[in-house]
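Inspection log for the structure reproduced underneath, given as structure tokens.
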Amino acid sequence: MNVLQWVIDGIALGAVYALVAVGLALVFGVMRLINFAHGELITAGAYTLALTAAWPRAASVAACVVVAVALALATERVAFRRLRGATVTTALVTTFAVSFALQATWLMAFGPEGRTADVLTTLNRAAVRGEINLRWVTIVELVVGAALVAGVALLLNRTSIGLQMRAAAADPRAARLLGVRADRVIAFAFLLAGLLAAVVAILLTVQTPLVTPRFGLQITILALVGVVVGGIDRLPSATAGGFAIGFATAVLGNALPADDRVFLPSFTFLLVIVVLLVRPAGLFAPLRAPVVERV
Amino acid sequence: MSRHSRAALELLGPVGLLVAVGLIGSATSVSTRQDFLGALIAATTVIALYVFVGNSGVISFGHMSFVALGAFAAGVMTIPALVKPSVLPELWPFLADNEIGSLASLVLAAALGALYALVVGVPLMRLSGLAAGIATFAVLEITHNVLRFWEKIGPGAKTLSLVPTTTGIGTATGGAVIAAVVAFAYQRSRRGRLLRASREDGAAAQAVGVRIHRERLLAFVISGSLAGLAGGLLVHQLGSITTEQVYLELTFLTLAMLVVGGVGSLWGATVGAVLVSFLDTVLADAEDGLGLGPLELTLPDGASLVILGLLMTLILLVRPSGITGGREFGLPSRRHPTAPGRPS
Chain G
300 MNVLQWVIDG IALGAVYALV AVGLALVFGV MRLINFAHGE LITAGAYTLA
350 LTAAWPRAAS VAACVVVAVA LALATERVAF RRLRGATVTT ALVTTFAVSF
400 ALQATWLMAF GPEGRTADVL TTLNRAAVRG EINLRWVTIV ELVVGAALVA
450 GVALLLNRTS IGLQMRAAAA DPRAARLLGV RADRVIAFAF LLAGLLAAVV
500 AILLTVQTPL VTPRFGLQIT ILALVGVVVG GIDRLPSATA GGFAIGFATA
550 VLGNALPADD RVFLPSFTFL LVIVVLLVRP AGLFAPLRAP VVERV
Chain Z
141 MSRHSRAALE LLGPVGLLVA VGLIGSATSV STRQDFLGAL IAATTVIALY
191 VFVGNSGVIS FGHMSFVALG AFAAGVMTIP ALVKPSVLPE LWPFLADNEI
241 GSLASLVLAA ALGALYALVV GVPLMRLSGL AAGIATFAVL EITHNVLRFW
291 EKIGPGAKTL SLVPTTTGIG TATGGAVIAA VVAFAYQRSR RGRLLRASRE
341 DGAAAQAVGV RIHRERLLAF VISGSLAGLA GGLLVHQLGS ITTEQVYLEL
391 TFLTLAMLVV GGVGSLWGAT VGAVLVSFLD TVLADAEDGL GLGPLELTLP
441 DGASLVILGL LMTLILLVRP SGITGGREFG LPSRRHPTAP GRPS
């Protein structure tokens, strides 16, 4: 294993984490809500892939996207819409509760042992072999990750709905006074989050095809940590934070001696604490950013 | 009503509820009693969390670290020294050769909880908001990771078993009442009020000389000590425990209990813990069939957790500030209906 290999693995994992981070940060931007149930969108997408494994590949992927987006919009409409104006703590705990209910639903419907989603496992074949090992999925993760982050950035900066989303994120009250419809902007943010979650589900099932009720939980928690470490107030810093924690996890995982590898989470989270103490507003936040208390 | 009698009433509510749970529990069969023990220990945990989160207004996802430390310390130290080498072969000699009684182990759990909270709190209490939430969560991850893989101090990924099951209904009630009394004494003390002032308006509190870092640290240490105690009670109730049992799920459930009851008051913490615990029990029983007079209700397997999640969501949507609205226990006709304890 050489350093270049570590970096490639790190960038690929970072790209997937960045996609989760963008989904979390978009929703946080428009309604100050940390959507812990984002992981359940990923799980729902992955279960859809598992259940439609017999379908043509394109239909299976389409179904995954439809289910994740539909669940995102449904949770917003039924539960999270009512949380506007609630304190951040209450809102966060409500998303825990929704996540808890959905996880229990997966457990009841599909059992604890998991289902196999082997829709795109052909991507596990090696693309480059030798000094550096490169699987197709790594390349796909890189390309898709970069393309989607760029796409979201374009959408936010070049379209009317994107402008409205940025306005709502910067100052919800002023945006509403100027005629930005909160319902529409928020629903759109959830739609994008659902879409991104579906893509993450597809990428994750290539590497780990076994879908269990907690499939999306771990990556969401880590990406959430990354988003806050990076700086949740701005999309670029949040995305960079998500990428950084994925990258750090992969590189530390490769760099630590085998005996110490079980303690990888301790090293990662120690790093998290140090960064938060030094830069509470976020590692990638502007230097003079005010530290805003929101919880 | 005078100030003192109102204060007495505010304490009487939570303590009365806990004692009632204990009394009813002592009259039930041995198997049903476990549910009451569970509710009392949950109440101890939630009150511990409340002491910090409720008074400071800062969220913590890390309190299960103190519960876990208390549980494993109390468990490892009370397993008979004779059998310890066979169940925990990797243990440090100091831990393997010594053995203490259950009561002493509860004191140890509380002391270690306080010490750990102090060590963690000194750097972390400078943080507020989301940064504090994530940093305390990082502490939980590290604690869990170390407990799970370091076999010199505990069972690692295996189950810690053969712990004496000494938490009876009396001990559990006593523990929960102690937690409630300590929480109440703290929140009415000068130091507690200083912290609550900083919760309402940090800048104003600092301007009149409140040292927020110091006040938060004190609340964190008291809170950590009660959480350690809760862990000790828990391990002596269950008799065996794994690191997974004091990790994410319990963190979320404990926080949910606190918020469902109402973050801003001791009464809210107690009501939330007792209510959600029993809701969980009743729903789980309903999976085996529950007789409601002439009706027989049977839930499909696994449905109880779905319903519990949905009910918690519903309560939070209908009453965002919790069932108690963050108010302390009192008679309905009080002069200050929105007096201390309401988070802004």
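Chains as they are written, first to last, in the working numbering: chain G, 300 to 594; chain Z, 141 to 484.
In this text, a Cβ means the ideal position worked out from N, Cα and C, and glycines have one as well.
All figures in this text were calculated on a predicted structure; none of them were measured in a lab.
Nearest chain Z C-beta to residue i closer than 8 Å, yes or no?
i, result
"G/I531", "yes"
"G/A522", "no"
"G/V392", "yes"
"G/L340", "no"
"G/M407", "yes"
"G/P508", "no"
"G/L555", "no"
"G/I595", "Look at the range of chain G in this structure, 300 to 594, and you will see that residue 595 of chain G is not part of it."
"G/S536", "no"
"G/S565", "yes"
"G/R472", "no"
"G/F514", "no"
"G/L468", "First, the amino acid is wrong: residue 468 of chain G is Ala here, not Leu. No, no contact with chain Z."
"G/L569", "yes"
"G/F395", "yes"
"G/P355", "no"
"G/A385", "yes"
"G/A543", "no"
"G/A624", "Since the first and last residues shown for chain G are 300 and 594, residue 624 of chain G lies out of range."
"G/P601", "Chain G is shown from 300 up to 594; residue 601 of chain G falls before or after that span and cannot be answered."
"G/R593", "Bear in mind that the predicted position of G/R593 carries a pLDDT of just 40, short of 50, making it unreliable; the figure below should be weighed with that in mind. So, interface residue."
"G/T458", "no"
"G/A549", "no"
"G/L600", "Only positions 300 to 594 of chain G appear in this structure, which leaves residue 600 of chain G out of reach."
"G/L312", "no"
"G/A426", "no"
"G/R475", "no"
For the beta strand (DSSP E) containing residue i, list its first residue and its last residue.
i, result
"G/A425", "425-427"
Would you say residue i lies against chain G (beta-carbon separation less than 8 Å)?
i, result
"Z/F392", "yes"
"Z/V82", "No answer is possible for residue 82 of chain Z: it lies beyond the span of chain Z, which begins at 141 and ends at 484."
"Z/I352", "no"
"Z/G442", "yes"
"Z/G412", "no"
"Z/M452", "yes"
"Z/L445", "yes"
"Z/P295", "no"
"Z/L395", "yes"
"Z/R356", "no"
"Z/N278", "According to the sequence provided, residue 278 of chain Z is Ala. The question's Asn does not apply to it. Z/A278 counts as touching chain G."
"Z/E281", "yes"
"Z/R336", "no"
"Z/G449", "yes"
What first and last residue would you give for the alpha helix (DSSP H) that runs through residue i?
i, result
"Z/S444", "443-458"
"Z/S166", "143-166"
"Z/V260", "242-264"
"G/I520", "516-529"
"G/Q506", "481-506"
"G/A336", "No alpha helix (DSSP H) holds G/A336; DSSP gives it neither H nor E."
"G/L325", "302-330"
"G/N553", "534-554"
"Z/F418", "406-426"
"Z/F289", "269-289"
"Z/Q512", "Residue 512 of chain Z is absent from the structure shown; chain Z starts at 141 and stops at 484."
Kindly give me the distance between the Cβ atoms of residue i and residue j, rounded to whole angstroms, as I take these residues to be in contact under 8 Å.
i, j, result
"Z/V186", "Z/M397", "5 Å"
"G/L348", "G/C363", "5 Å"
"G/M464", "G/V484", "5 Å"
"Z/A320", "Z/G210", "Contact flag wrong, Cβ pair sits at about 18 Å."
The ligand ATP heavy atoms versus the CB of residue i: any closer than 7 Å?
i, result
"Z/A320", "As for the ligand ATP, it is missing from this structure, which has no ligand bound."
- Message: Does the structure place the stretch 265-273 of chain Z close enough to the stretch 353-362 of chain Z that three or more beta carbon pairs sit under 8 Å?
- Response: Yes: at least three Cβ pairs fall under 8 Å.
- With contact counted as at least three CB pairs below 8 Å, one residue from each stretch, are the stretch 545-556 of chain G and the stretch 402-420 of chain Z in contact? Contact check between the stretch 545-556 of chain G and the stretch 402-420 of chain Z: fewer than three CB pairs, one atom from each, fall below 8 Å, which does not count as touching.
- Counting only runs that start and end within the stretch 313-380 of chain Z, where is the alpha helix (DSSP H) found for 4 or more residues in a row? 330-340, 342-347, 352-378
- beta strand (DSSP E) runs contained entirely in the stretch 374-405 of chain G, provided each spans 3 or more residues: none
- Message: Closer than 8 Å is the cut-off here; do at least three beta carbon pairs connect the stretch 333-353 of chain G with the stretch 308-318 of chain G?
- Response: No: fewer than three Cβ pairs fall under 8 Å.
- Any chance you could list the alpha helix (DSSP H) runs of at least 4 consecutive residues sitting entirely within the stretch 560-590 of chain G, in chain order? 563-577
- Hey, is the stretch 393-413 of chain Z in contact with the stretch 152-168 of chain Z, meaning 3+ C-beta pairs nearer than 8 Å? With a cut-off of 8 Å, the stretch 152-168 of chain Z and the stretch 393-413 of chain Z count as touching, because enough Cβ pairs lie within range.
- Message: For the pair the stretch 271-282 of chain Z and the stretch 199-206 of chain Z, tell me if three or more CB-CB distances fall below 8 Å.
- Response: yes
- Task: For the stretch 159-168 of chain Z and the stretch 299-319 of chain Z, state whether three or more C-beta atom pairs, one from each stretch, are separated by less than 8 Å.
- Result: The stretch 159-168 of chain Z vs the stretch 299-319 of chain Z: in contact.
- Do the stretch 487-498 of chain G and the stretch 364-372 of chain G meet, that is, are 3 or more Cβ pairs less than 8 Å apart? yes
- Query: So, do the stretch 445-462 of chain Z and the stretch 402-410 of chain G have three or more beta carbon pairs nearer to each other than 8 Å?
  - Reply: yes
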